[in-house]
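Colleague: Mind looking over this structure? Questions follow.
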Amino acid sequence: MTGWTFAEKALARAAGVDAVRAGDVLDVRPDLIFSHDNTAAIRRIFEQIGAPRLARPDRMAITLDHAAPAPTSQHAANHAEIRRFVADHGVAHFFEVGRGICHQVISEEALILPGETIFGSDSHTTHFGWMGAFGMGVGRTEMAALWATGALWIRVPEAVQIVLEGRLQPGVTAKDVCLRLLGDLGMTGGQYRSIEFAGAGVASLPLDERPVIPNMMAEFGAMNAYFPPDEVVFAALNARRTRDYAPLYPDADADYAERHRLDVSAVEPLVALPHQPDHVVPVAQAQGKPVDQAFIGTCTGARYSDLAAAAQVVRGRRLRSRLIVIPASSEVLEQAARSGVLLDLIAAGAAVASPGCGPCMGNHLGVPAPNEATISTGSRNFRGRMGTADAPIYLSNPYVAAASAVTGCITHPGEFL
Amino acid sequence: MSRHRVWVYGDNVNTDVIFPGKYTYTLKSPEEIAARALEDLDPAFTAGAEPGDVIVAGFNWGCGSSREQAVTAVKYRGVPAILASSFSGLYFRNCINQGIRPIVLPGLSAVVQTGDFIEIAGDFVLAAGVRYSIPPLSVTAQAILDAGGLTPMLQKRFRGEITPLTGIGGGE
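Residue numbers (the working numbering), protein chains in the order written: chain A, 33 to 449; chain B, -18 to 153.
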């Protein structure tokens, strides 16, 4: 008999059973569930269901981040409805406008821990693989069912192993590793699968950058993604956690549907061309394409290391295109303010906005005009993603995005480092 | 067996073009949401889809965001089923939970064109004179679909009309 994958171990634990195998269908009770600006819509489904109360308000988190602070009175009314819900039902963990993006805030607050299971009404919930948690996105109806019952039906996914080796070159980040994987493997290879990373290349990634890869495995179709947690992860969580935990590791003889290997030291700065995140080319092949704005933001590109990378590039320079910087959280913003990174960005002419999702899905704070090109550190460049159908979006790491803001066209960051 | 006009699309159609994110916190009623269906993919569908029409797509239909309105938008245009070479996991689950039938038939999008008609029965599809067997859903997914979706199923449970089954959420 073969060993168990991480997904099999984590879902067996979350279901309270001894063992499960890929393909089994079972009820899973997650350790934390969360929603964001979609909470009001979920409340309406919850009320239709007719449950007497929330099953586990103590294990619920809600952030206001997707269109926050509210850009219109309609969005404001949506937030007001969510605040009433939180107060009426005693939701334990509520984070106001300005605290930051759900995945980043829940990570900083150590509300979920290694070996645990977290479901969010957001496709990038795969994010929590950075700490070795089982994170899966769900729909609004599923979140309402979780509020009502505390449980959800899951088919245990097959797993794919990706072994990372080597160490990143200067000017290359975890974003490039993720784009390399998407470019090589496409958008469907991870469909309804658990993507389980391994190898010395994982530990060589700076902690701040690690979430990018499991997060963007959503673009690979993944149900969840997993990094084996190490001492660096434990140290980050131990300062704030309020319960004990037991990390999980897949068995050496686990049954993987596929195995892949990538030497990250051979990865160069990359760009995803419009309109798919797997349309990936080396920066040189996109060099010179004009950009009207660069966006340092989102759950895959606005942690402190991203802001610091952008500041390193723009420090003391003038910009030829707009540069929008939206930190992933208030803690990131505070760190950037204390270190001087924020001053460098502002001095160069960056427009800095309150922590949140910004224009990532076209709600506010940097929606492009028709035919305007954006280079973004975000995760998605689908047509219309940022609110305008005829506005091309390029995805890159923060060095490339910032260098492109300096020159006004897509630019390799090498000469700026 | 029922007869349906088809709208045919390619691979990797994502939820941003099925229902744009910019509407996600302001359009609330299913009718408002349905009026925007496929707005950034195919304005002809947005303007001209009729109840009973079905979508036939390539691989990875519904990739990207988890936004469930990408299913609501299609469902409330009266589309009873989506046939695709494959679905994103989230979109597939959202279909089941909203009571719209996801049918996995690799390659069907290559043999029909927009405006053609196909026939759908319980376990097979007739398209261009060829009979394609529909793979069965898991017992759980079929039970939710038969109930009309996860919300009606849970309504019955909280009214005490059905006993929780393991594997449908809230079973013990």
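Cβ coordinates follow ideal geometry from the N, Cα and C atoms, glycine included.
Secondary structure at Glu197 (chain A), three-state DSSP: helix, strand or coil?
Modeller: strand
Colleague: Quick one: which chain B residues come within Cβ less than 8 Å of Met219 (chain A)?
Modeller: Asn(-7), Asn41 and Cys44
Colleague: Between Thr144 (chain B) and chain A, is any beta-carbon pair separated by less than 9 Å?
Modeller: no
Colleague: Going by CA-CA distance only, name the one from A:Gly398, A:Asn395, A:Met393 and A:Leu427 that's closest to Ser408 (chain A).
Modeller: A:Leu427
Colleague: Tell me, please, whether the CB atom of Ser69 (chain B) is closer than 9 Å to any CB atom in chain A?
Modeller: With 9 Å as the cut-off, Ser69 (chain B) counts as an interface residue toward chain A.
Colleague: May I ask you to report which of helix, strand or coil DSSP gives Ile149 (chain B)?
Modeller: Since pLDDT at Ile149 (chain B) reaches only 47, below the 50 mark, its modelled position is unreliable, and the value read off the structure follows with that caveat. Residue state, collapsed to three classes: coil.
Colleague: From the DSSP secondary-structure annotation, give me the bridge partner or partners of Arg187 (chain A).
Modeller: A:Val57
Colleague: Spatial neighbours of Leu71 (chain B) within its chain, please: CB distance less than 6 Å, with the 5 preceding and 5 following residues excluded, ordered by chain position.
Modeller: Ser47
Colleague: Identify the continuous alpha helix (DSSP H) that holds Leu355 (chain A) and give its terminal residues.
Modeller: From DSSP, Leu355 (chain A) is part of no alpha helix (DSSP H) but of the beta strand (DSSP E) over Arg354 to Val357.
Colleague: Looking only at DSSP bridge pairs, what is Trp42 (chain B) linked to?
Modeller: DSSP output for Trp42 (chain B) lists B:Phe68 as bridge partner(s).
Colleague: Can you give me the Cβ contacts of Gly148 (chain B) inside the same chain, cut-off strictly under 7 Å, excluding the 5 residues immediately before and after it?
Modeller: Because the pLDDT at Gly148 (chain B) is just 46, under 50, the model does not fix this residue reliably, and the value given afterwards should be weighed accordingly. Only Thr121 meet the Cβ criterion.
Colleague: DSSP three-state call for Ser408 (chain A): helix, strand or coil?
Modeller: strand
Colleague: Take Val192 (chain A) and list the residues in its own chain whose beta-carbon comes closer than 8 Å to its own, dropping the five residues that flank it on each side.
Modeller: For Val192 (chain A), the CB contacts under 8 Å within the same chain, skipping 5 residues up- and downstream, are Gly221, Gly222, Arg225, Ser226, Ile227, Glu228, Tyr288, Ala289, Glu290, Arg291 and His292 in chain order.
Colleague: Quick check on DSSP: helix, strand or coil for Asp422 (chain A)?
Modeller: Correct three-state label for Asp422 (chain A): coil.
Colleague: Flag Arg140 (chain B) as yes if its beta-carbon sits less than 9 Å from any beta-carbon of chain A, otherwise no.
Modeller: yes
Colleague: Going along chain B, which residues have a C-beta under 8 Å from Ser371 (chain A)?
Modeller: Ordered by position in chain B, no residue passes the 8 Å Cβ test against Ser371 (chain A), which lies about 33 Å from the chain.
Colleague: In whole angstroms, give me the CA-to-CA distance for Pro1 (chain B) and Phe259 (chain A).
Modeller: 32 Å
Colleague: Please classify Gln123 (chain B): is it buried, with 16 or more other beta-carbons within 10 angstroms of its beta-carbon, or exposed?
Modeller: Looking at its Cβ environment, which holds fewer than 16 other Cβ atoms inside 10 Å, Gln123 (chain B) is exposed.
Colleague: Go ahead and label Ala109 (chain B) buried or exposed: buried means 16 or more other beta carbons lie within 10 angstroms of its beta carbon, across all protein chains shown.
Modeller: exposed
Colleague: Going along the chain, which residues of its own chain have a beta-carbon closer than 6 Å to the beta-carbon of Ala44 (chain A), five neighbours each way excluded?
Modeller: Ala51 and Val52
Colleague: Counting Cβ pairs closer than 8 Å, one from the region 79 to 91 of chain B and one from the region 105 to 119 of chain B, do we hit at least three?
Modeller: yes
Colleague: Please classify Leu375 (chain A) as buried or exposed, where buried requires at least 16 other C-beta atoms within 10 Å of its C-beta.
Modeller: exposed
Colleague: Could you give the DSSP three-state label for Tyr336 (chain A): helix, strand or coil?
Modeller: The three-state secondary structure of Tyr336 (chain A), taken from DSSP, is helix.
Colleague: Closer than 9 Å, CB to CB, is Tyr57 (chain B) near chain A or not?
Modeller: The beta-carbon of Tyr57 (chain B) is placed no less than 9 Å from the nearest beta-carbon of chain A.
Colleague: Can you confirm whether Arg(-14) (chain B), when its beta carbon is compared against all beta carbons of chain A, has any partner nearer than 9 Å?
Modeller: no
Colleague: Checking contacts by CB at 9 Å: is Val52 (chain A) closer than that to chain B?
Modeller: no
Colleague: For Gly150 (chain B) and Ala177 (chain A), I'd like the C-alpha separation in whole angstroms.
Modeller: With a pLDDT of 44 at Gly150 (chain B), under the threshold of 50, the predicted position of this residue should be treated as unreliable, and no value is reported.
Colleague: Which two residues bound the contiguous alpha helix (DSSP H) that contains Val85 (chain B)?
Modeller: Careful: Val85 (chain B) lies outside any alpha helix (DSSP H), inside the beta strand (DSSP E) at Arg82 to Val85.
Colleague: Just verifying my parser: in three-state terms, what is the DSSP assignment at Cys210 (chain A)?
Modeller: helix
Colleague: Using DSSP bridges, identify the partner residues of Ser114 (chain B).
Modeller: B:Phe105
Colleague: With which residues is Tyr258 (chain A) paired in a DSSP beta bridge?
Modeller: A:Glu228
Colleague: Note down, in chain order, each residue of its chain lying with its Cβ closer than 8 Å to the Cβ of Arg27 (chain A), except the 5 sequence neighbours on either side.
Modeller: Since the displayed chain A opens at 33 and closes at 449, residue 27 (chain A) lies outside it and no answer follows.
Colleague: Listing by chain order, which chain A residues have their CB less than 7 Å from the CB of Asp21 (chain B)?
Modeller: The answer, in chain order, is Arg415, Gly416 and Ala421.
Colleague: Could you spell out the range, first to last residue, of the beta strand (DSSP E) harbouring Gly219 (chain A)?
Modeller: Sequence inspection shows Met at residue 219 (chain A); the Gly mentioned does not correspond to that position. Run containing Met219 (chain A): none; DSSP gives neither H nor E here.
Colleague: Going by C-alpha distance, which of A:Gly329, A:Asp208, A:Ala232 and A:Arg242 is nearest Glu300 (chain A)?
Modeller: A:Asp208
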